[in-house]
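Enquirer:
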Amino acid sequence: MKQEIKTRTIIAPQPVLIVATYDADGVADAMNVAWGGQCWDNEVALNISSNHKTTENLRQQMAFTLSIGTVDTMREADYFGIVSGKKENKIDHLGLKTTKANEVNAPLIDIFPLAMECEVESMTDNGDEGVRVVARIRRTVADSSILDKDGKVDYSRLNPIMYDSETHAYYSLGEKVGHAFHDGADLK
130 MKQEIKTRTI
140 IAPQPVLIVA
150 TYDADGVADA
160 MNVAWGGQCW
170 DNEVALNISS
180 NHKTTENLRQ
190 QMAFTLSIGT
200 VDTMREADYF
210 GIVSGKKENK
220 IDHLGLKTTK
230 ANEVNAPLID
240 IFPLAMECEV
250 ESMTDNGDEG
260 VRVVARIRRT
270 VADSSILDKD
280 GKVDYSRLNP
290 IMYDSETHAY
300 YSLGEKVGHA
310 FHDGADLK
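Everything in the sequence shown is counted per the numbering used here, starting at 130 for the first residue and increasing by one.
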């Protein structure tokens, strides 16, 4: 039997997204964004607070890189979400290396094995101190260690983590359990 619980959004999995930007002086910054994901074939959407350094950087540069947190990068990804870039240079503090993206004016953080170079298409103030960012993916780069024999990302090798907003926990996504657009075909 179902019971009514407190009204809230409970949608999982939520990816652990790392947004990396340059500020006006060319200093790299990164932020863990809980509210975001794919919204079209080559587009992503993010929902972030308007008071973040990352939001300022996005308004100035109109570009960012988007990486996916993994089991191997969980501690760094979490750190990017608990420390403000206005108070500390997070990338320098962690001793991380960055590389300038080829297609957009944003840094790639070398420890993340998958990254998308994104160009901001729109930023909309939501009226609740939040900003919705929609961006077009201009280039995707992946470490060969996470690619299958056909050059596609193998999620079992990437080992991405998800964020659980109910318990404030991270989970690994686990193993493949089926084939999309196939396993339900016999129900037709």
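Every residue gets a Cβ at the ideal spot worked out from N, C-alpha and C, and that includes glycine.
Specify, as a first and last residue, the run of the alpha helix (DSSP H) that Gly210 falls within.
Expert: Met203 to Ile211 is the span of the alpha helix (DSSP H), which, as asked, contains Gly210.
Enquirer: Just verifying my parser: in three-state terms, what is the DSSP assignment at Arg137?
Expert: The answer is coil: DSSP assigns Arg137 none of H, G, I, E or B.
Enquirer: Across the region 172-188 and the region 276-286, are there enough close Cβ pairs to call them in contact, namely three or more that are closer than 8 Å?
Expert: No, because fewer than three Cβ pairs between the region 172-188 and the region 276-286 fall closer than 8 Å, the two stretches do not touch.
Enquirer: Given a cut-off of 7 Å, decide if Ala192 and Ala235 are closer than it, judged by their beta-carbon atoms.
Expert: Yes, the Cβ-Cβ distance between Ala235 and Ala192 is below 7 Å.
Enquirer: Between Ala298, Ala230, Leu287 and Met252, which lies nearest to Asp201 when the distance is taken from Cα to Cα?
Expert: Among Ala298, Ala230, Leu287 and Met252, the Cα nearest to that of Asp201 belongs to Leu287.
Enquirer: So, are the CB atoms of Ala271 and Cys247 less than 7 Å apart?
Expert: No, the Cβ-Cβ distance between Ala271 and Cys247 is not below 7 Å.
Enquirer: Within a Cβ cutoff of 7 Å, which residues of the same chain sit near Ala153, ignoring the five residues on either side of it in sequence?
Expert: So the qualifying residues of the chain are Gln189.
Enquirer: From Ser285 to Ser274, what does the alpha carbon distance come to, in whole angstroms?
Expert: Going from the Cα of Ser285 to the Cα of Ser274 covers about 11 Å.
Enquirer: Apply the 10 Å Cβ neighbour rule to Lys219 and answer buried if 16 or more other Cβ atoms are within range, or exposed otherwise.
Expert: Lys219 is buried by the Cβ-count criterion.
Enquirer: Between the region 249-256 and the region 130-141, do three or more beta carbon pairs fall short of 8 Å?
Expert: The region 249-256 vs the region 130-141: no contact.
Enquirer: Looking at the structure shown, is Leu302 part of a helix, part of a strand, or coil, going by DSSP?
Expert: Three-state DSSP puts Leu302 in coil, outside helix and strand.
Enquirer: Determine the contact status of Ser196 and Ile266, defining contact as a CB-CB distance below 7 Å.
Expert: No, they are not a contact pair.
Enquirer: Can you have a look at Lys316 and say buried or exposed, based on whether 16 or more other CB atoms are within 10 angstroms of its CB?
Expert: Residue 316 is actually Leu in this sequence, not Lys. Leu316 comes out exposed.
Enquirer: If Ser178 sits next to Glu258, beta carbons under 8 Å apart, how far is it from one beta carbon to the other, in whole angstroms?
Expert: Contact holds; Cβ gap of about 6 Å.
Enquirer: Count the other CB atoms within 10 Å of the CB of Val262; is the residue buried (16 or more) or exposed (fewer)?
Expert: It counts as buried.
Enquirer: So, helix, strand or coil for Gln189, using DSSP?
Expert: Here Gln189 sits in helix by DSSP.
Enquirer: Considering only the alpha carbon of each residue, which of Phe241, Asn171, Tyr299 and Glu217 lies closest to Leu227?
Expert: Note on identity: in this sequence residue 227 is Thr, with Leu being the wrong assignment. Cα-wise, what sits closest to Thr227 is Phe241.
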